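Residue numbers (my numbering): 4 to 264. Ideal placement from N, C-alpha and C gives every residue a C-beta, glycine not left out. Here the structure is a predicted model, which means the values were calculated and not measured. What follows is a single structure, written as structure tokens, with notes after it.
Laid out in structure tokens, this is it:
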């Protein structure tokens, strides 16, 4: 068979826009495809919830690829090991209560399992703003990441959803948009973004789960975005709390959406 370059281009364009149009209305929009975002996407997909993930970078996985200081091993504690069991990620016991896994395998498995569960990941897309209706977040304002990087004045497009989950890591970017654009109070102690504290792995792992919750009507935070928004400690290259945070927000939103149906 002789290949036709225009057919190749047509296949890419048509298939991509079929997916994009299909997800302009979805149940849950996750911003950030790091470990918490990918875990949330997997469990939401498993629950039959239509889920789109928007990642500004070319690659997914957030900071998990590099392990600790570019040593591509990560650690999970006893509680976090259940996520590896669910996704079929290999791990080894190190000492009691500590397990290690290859960070490359972990990201690859999280990504593949999230997609196989039914979630759709869109990379190279930046969130410029949120859609707000009656003081509730109900969608996202999208643009290409290269547009933002080049500083071009290109108008964005929008998508609609029932819930948004900010999984953008330390910067909690969507929460910043809500705080700065709406000049409103968040569900934090100060009504503003609290900012993450210094390193304390044990306290950070516990707090990230406690802080995985709604921060403004329609907007949830998970992973390091929860730590940044509500003021928890950072925890470094231990990822059990991040993964469990993604699972927690997925279970809560799946229950809410199913009860609304």
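Whole-angstrom C-beta distance between residue j and residue i, which should lie under 8 Å
i           : j           : result
residue 170 : residue 232 : Contact flag wrong, Cβ pair sits at about 11 Å.
residue 1   : residue 161 : Any question about residue 1 goes unanswered here, given that the chain covers just 4 to 264.
residue 249 : residue 32  : Not quite, the Cβ-Cβ distance comes to about 14 Å (not below 8 Å), so this is no contact.
residue 109 : residue 77  : 6 Å
residue 179 : residue 196 : 7 Å
residue 254 : residue 46  : 6 Å
Where the beta strand (DSSP E) containing residue i begins and where it ends
i           : result
residue 142 : 140-147
residue 201 : 200-202
residue 76  : 76-80
residue 28  : 28-34
residue 54  : 54-58
residue 126 : 123-126
residue 102 : 101-105
residue 162 : 160-169
residue 223 : 222-224
Run of the alpha helix (DSSP H) containing residue i, from where it starts to where it stops
i           : result
residue 1   : No answer is possible for residue 1: the residues shown for the chain start at 4 and end at 264.
residue 217 : Careful: residue 217 lies outside any alpha helix (DSSP H), inside the beta strand (DSSP E) at 217-219.
Own chain, CB closer than 6 Å to residue i, minus 5 neighbours either side, in chain order
i           : result
residue 215 : 225, 229, 248, 251 and 252
residue 29  : 53, 55 and 164
residue 79  : 102, 242 and 243
residue 60  : none
residue 208 : 238 and 244
residue 81  : 100
Same chain, Cβ closer than 7 Å to residue i, five either side skipped, listed in chain order
i           : result
residue 212 : 244, 247, 248 and 251
residue 86  : 42, 246, 247 and 250
residue 206 : 236
Residue j beta carbon less than 8 Å from that of residue i
i           : j           : result
residue 104 : residue 63  : no
residue 135 : residue 185 : yes
residue 83  : residue 75  : no
residue 222 : residue 150 : no
**Study point:** Cβ pair count under 8 Å reaching 3, the region 111-122 against the region 18-30
**Key:** They do not touch, by the three-pair rule.
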